[in-house]
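>
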Amino acid sequence: MNCSKAFDHYIALDKHERVPLPVMVHLVFCPVCRAAVRQMAAAETLLSRPLSVRLTKSNLSDDPVLSAALDKIAAAGLAYPVRDPVAKRVSLLRWFLVGILLAGGFALFPFTSSGIWMQAEFGKALVVPFYILCGCAVTAYGGLFVGTNIDLFVKRFKTLKTGF
Ligand SMILES: [Zn+2]
Numbered sequence: 003m004n005c006s007k008a009f010d011h012y013i014a015l016d017k018h019e020r021v022p023l024p025v026m027v028h029l030v031f032c033p034v035c036r037a038a039v040r041q042m043a044a045a046e047t048l049l050s051r052p053l054s055v056r057l058t059k060s061n062l063s064d065d066p067v068l069s070a071a072l073d074k075i076a077a078a079g080l081a082y083p084v085r086d087p088v089a090k091r092v093s094l095l096r097w098f099l100v101g102i103l104l105a106g107g108f109a110l111f112p113f114t115s116s117g118i119w120m121q122a123e124f125g126k127a128l129v130v131p132f133y134i135l136c137g138c139a140v141t142a143y144g145g146l147f148v149g150t151n152i153d154l155f156v157k158r159f160k161t162l163k164t165g166f
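Positions in the sequence shown are counted from 1; adding 2 to them yields the working numbering.
1. By the DSSP assignment, the alpha helix (DSSP H) with K7 in it spans what residues?
2. Mapping DSSP to helix, strand and coil, what is V156?
3. Alpha carbons only, please: which of F159, D153, E46, L48 is nearest the one belonging to V27?
4. Pick out whichever of T161, V156, K160 has its Cα sitting closest to the Cα of E19.
5. On the criterion of 16 or more Cβ atoms from any shown chain inside 10 Å, does L29 qualify as buried, or is it exposed?
6. Within 10 angstroms of its Cβ, does A250 collect 16 or more other Cβ (buried), or is it exposed?
7. Between the stretch 100 to 112 and the stretch 129 to 148, can you find at least three pairs of beta-carbon atoms closer than 8 angstroms?
8. Can the beta-carbon of C136 be found less than 7 angstroms from the beta-carbon of F113?
9. Taking 6 angstroms as the cut-off, does the CB of V25 come closer than this to any heavy atom belonging to ligand 1?
10. Give the straight-line distance between the Cα atoms of Y12 and D65, rounded to the nearest whole angstrom.
11. For the putative contact between A76 and L104, defined by C-beta atoms under 8 angstroms, what is the C-beta separation to the nearest angstrom?
12. Under 6 angstroms from any heavy atom of ligand 1, does the C-beta of C5 make it?
13. For a quick check, are the C-beta atoms of K17 and K160 less than 7 angstroms apart?
Right, here's the structure in full:
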């Protein structure tokens, strides 16, 4: 699936509609489309909430006219955020590396000196708690991944559809 087709398919979805698997796979592996989806979701989030960021002296200019204007704007309770919400995201490469480390760590633990000692000390009583811990850790990791990258799995913003 190419970028144009995948993005058109994504845009055609309704808000909160589940993203189909081929489009989801494309978004996970295509940084251009992923960034575009995140920017659109962030733009809608910014537009849908009131202007709430307060100006501080650190982000005011040295220009007295501009400072006075910004003071008036701040006194009126209006401001706009200047941060980039997309830049705060953890890259997918880091997510995959951490996932591989997590799964690899649990797979290799029984062969480490600690794992060998625990097997000798606790025997079969260790198996069930160890696999429960593995399951909880992988579930928590998967939940965090989906929760922080929800735009890739469920469409979060609304687009206007033109009827023909
Ligand atoms: Zn793409």
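Every residue gets a Cβ at the ideal spot worked out from N, C-alpha and C, and that includes glycine.
Computed from a predicted structure; not experimentally measured.
Short version:
1. To locate residue 7, count along the sequence shown from 1; it is residue 5. For K7, the enclosing alpha helix (DSSP H) starts and ends at 5 to 14.
2. Numbered from 1 along the sequence shown, position 154 holds the residue referred to as residue 156. Note: V156 maps to strand in three-state DSSP.
3. By one-based count along the sequence shown, residue 27 stands at place 25. When each option's Cα is compared against that of V27, the closest is D153.
4. Translated into the one-based positions of the sequence shown, residue 19 becomes position 17. Answer by Cα proximity: V156.
5. Position 27 of the sequence shown, counted from the first residue, corresponds to residue 29. By the beta-carbon neighbour count (other beta carbons within 10 angstroms, threshold 16), L29 is buried.
6. The question about residue 250 has no answer here: the residues shown for the chain are numbered 3 through 166.
7. With a cut-off of 8 angstroms, the stretch 100 to 112 and the stretch 129 to 148 count as touching, because enough Cβ pairs lie within range.
8. In the sequence shown, residue 136 corresponds to position 134, counting from 1. In the sequence shown, residue 113 corresponds to position 111, counting from 1. Their beta carbons are not under 7 angstroms apart, which means C136 does not touch F113 by this criterion.
9. Counting from 1 along the sequence shown, the entry for residue 25 is found at position 23. Checking the Cβ of V25 against ligand 1 gives no.
10. Reading the sequence shown from its first residue, position 10 is the one you call residue 12. Reading the sequence shown from its first residue, position 63 is the one you call residue 65. Rounded to whole angstroms, the separation of the alpha carbons of D65 and Y12 is 45 angstroms.
11. Here residue 76 corresponds to residue number 74 of the sequence shown, with the count starting at 1. Here residue 104 corresponds to residue number 102 of the sequence shown, with the count starting at 1. Contact between A76 and L104 does not hold, since the beta-carbon distance rounds to 45 angstroms and is not under 8 angstroms.
12. One-based indexing of the sequence shown puts residue 5 at position 3. Yes.
13. Mapped onto the sequence shown, residue 17 falls at position 15. Mapped onto the sequence shown, residue 160 falls at position 158. K160 is positioned such that its CB atom lies closer than 7 angstroms to that of K17.
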